[in-house]
Amino acid sequence: METLDAIRSRRDVRTYTAEPIARERLEQILEAGRRSPSSRNWQPWDFVIVTDRDELRELAKVWQGAGHIARSAATIVLVTSVPPDEDTRATAQYDLGQATMNMMLAATDLGIGSGHSAVADQKLARRILGLPDDKLCAYMIALGYPADRPLTPLRHPNRRDFDAVVHWGKW
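Quick note on the working numbering: the sequence shown kicks off at 2 and runs consecutively.
Below, the structure is given as structure tokens:
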């Protein structure tokens, strides 16, 4: 798939088939995250990949909107250090967002659906993943083959019109 086709095809997928994702495919997706740009090449991330069904069910409890995590074939948890201040937190969030998008696009390119999730219960997430207290779970990306329809370019995306979003030269 070409990059622009992957961008046009990517959508949040929250229902998955029972087909597992091959380790080679997971490594390709994780490599896309590892190669993401970051401020001053800081790379404020670690990735924990969870494939065990019982752990996925437990992980789904860290946020009220994370039910799809329990049904995923695999979930990537983006982990970062607890930020010492607001500027560091904001920079880390931006960088983690870039890593998230890179991995979601790489998954789309491989025909694998993805759905992102927040993390509210840090204590539970740390216990499930065995994280030290100086780390936090920033986001999760559920992965699986789409159960409803394949990932193909969306003809009519639910997006604001191009001319309403794009301003040439000035507002």
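By construction, the Cβ of each residue, glycine as well, lies at the ideal position given by its N, Cα and C atoms.
Considering only the beta carbon of each residue, do residue i and residue j sit closer than 8 Å?
i	j	result
V120	W46	no
I77	I50	yes
S10	P154	yes
A16	A148	The amino acid occupying residue 16 in the given sequence is Thr; Ala does not appear at that position. In this structure, A148 lies closer than 8 Å to T16 by Cβ.
G34	M104	yes
A67	S118	yes
D96	S39	yes
G116	H69	yes
Could you pull the DSSP bridge partners for residue i from this structure?
i	result
P147	Y17
H117	I142
D47	V80
L106	None, per the DSSP bridge assignment.
A75	L144
K136	S82
Out of curiosity, what's the CA-to-CA distance linking residue i and residue j?
i	j	result
T109	L144	10 Å
E59	L130	10 Å
A7	V167	21 Å
F48	A100	10 Å
K124	T81	14 Å
H159	I22	Inspection of the sequence shows that residue 159 is occupied by Asn rather than by His. Rounded to whole angstroms, N159 to I22 spans 29 Å at the Cα level.
D162	A107	26 Å
W172	L31	38 Å
A61	L111	24 Å
D86	R156	43 Å
L79	M102	12 Å
A165	R150	30 Å
V14	R72	11 Å
A91	L132	22 Å
R12	R54	24 Å
L152	Q94	27 Å
Between residue i and the rest of its own chain, which residues show a CB-CB distance below 6 Å, the 5 nearest in sequence each way excluded?
i	result
A126	V63, V120, C138
V83	D135, L137
T18	Y146, A148
D122	V63
Under 8 Å Cβ to Cβ from residue i, same chain only, skipping five residues before and after it: list those, please.
i	result
E56	I129
Starting from the C-beta of residue i, find all residues in its chain whose C-beta is less than 7 Å away, skip the five residues before and the five after it, and write them out in chain order.
i	result
W43	D96
Inter-stretch contact at 8 Å, needing at least 3 Cβ pairs: the region 133-141 / the region 19-27:
no
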